[in-house]
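*Asks:* One structure, pasted below without further comment.
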Amino acid sequence: MAKRKFWEDLNDKEDFFVQMPYTVLDSTLSNEAKVLFMHLWKDAFTNNKKHEGKHYSDMTQVEMAKKLGYKATGFGIREARRSIKELNQCAVVLTKKQYKKNTHFYHYFLAKHRWQI
Numbered sequence: 001m002a003k004r005k006f007w008e009d010l011n012d013k014e015d016f017f018v019q020m021p022y023t024v025l026d027s028t029l030s031n032e033a034k035v036l037f038m039h040l041w042k043d044a045f046t047n048n049k050k051h052e053g054k055h056y057s058d059m060t061q062v063e064m065a066k067k068l069g070y071k072a073t074g075f076g077i078r079e080a081r082r083s084i085k086e087l088n089q090c091a092v093v094l095t096k097k098q099y100k101k102n103t104h105f106y107h108y109f110l111a112k113h114r115w116q117i
């Protein structure tokens, strides 16, 4: 239910960008990484955060841990860091592939804005 609400909120934004996260949701990423990606994506686009024309999310590790449903303790932050590492590795893999018309921005979003750990 919450997932559907997330997409409905995003549908108010540009359709081109809304389509992108489906590639990550259908991939082999862990559930935590998928959830975190959705929150990072939403944070970047709903607040229309841009730097040098590129969308980004400035969410902290503590905020990421809370979005994953953990307390901001060592375990929660470790899970957030693990998910970020997973997303960053996924970006490396994706940069080596040929992109379809609508998937290049997904690569651009992840590869150009690696979240620091």
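Sequential numbering from 1 applies to the sequence shown in full-length UniProt numbering.
Glycine is no exception: its CB is placed at the ideal position from the N, C-alpha and C atoms.
Report, in whole angstroms, the separation of the C-beta atoms of Leu87 and Met64, which I expect to be a contact under 8 Å.
*Replies:* The count along the sequence shown starts at 1 and reaches residue 87 at position 87. The count along the sequence shown starts at 1 and reaches residue 64 at position 64. Wrong, their Cβ atoms sit about 11 Å apart, outside the cutoff.
*Asks:* Just to confirm my understanding: we take Lys66, look at its own chain, exclude 5 residues before and 5 after, and list those with CB closer than 7 Å. What are they?
*Replies:* Numbered from 1 along the sequence shown, position 66 holds the residue referred to as residue 66. So the list reads Ala72, once near-sequence residues are dropped.
*Asks:* Helix, strand or coil, according to DSSP, for Pro21 in the structure here?
*Replies:* Here the question's residue 21 lines up with position 21 in the sequence shown. Because Pro21 sits at a pLDDT of 49, beneath the cut-off of 50, its placement in the model cannot be relied upon, and the following sentence gives the value as read from the coordinates. In the structure shown, Pro21 sits in a helix (DSSP, three-state: H, G or I).
*Asks:* Please determine, among Glu32, Ile77, Thr28, the residue with the shortest C-alpha to C-alpha distance to Thr60.
*Replies:* On the sequence shown, position 60 is the one that residue 60 refers to. Nearest of Glu32, Ile77, Thr28 to Thr60, Cα basis: Ile77.
*Asks:* What residue ranges within the region 33–74 form continuous alpha helix (DSSP H) runs of no fewer than 4 residues, ordered along the chain?
*Replies:* 61–67
*Asks:* How is Ser30 classed by DSSP in three states: helix, strand or coil?
*Replies:* Here residue 30 refers to the residue found at position 30 of the sequence shown. Ser30 falls in the coil class under three-state DSSP.
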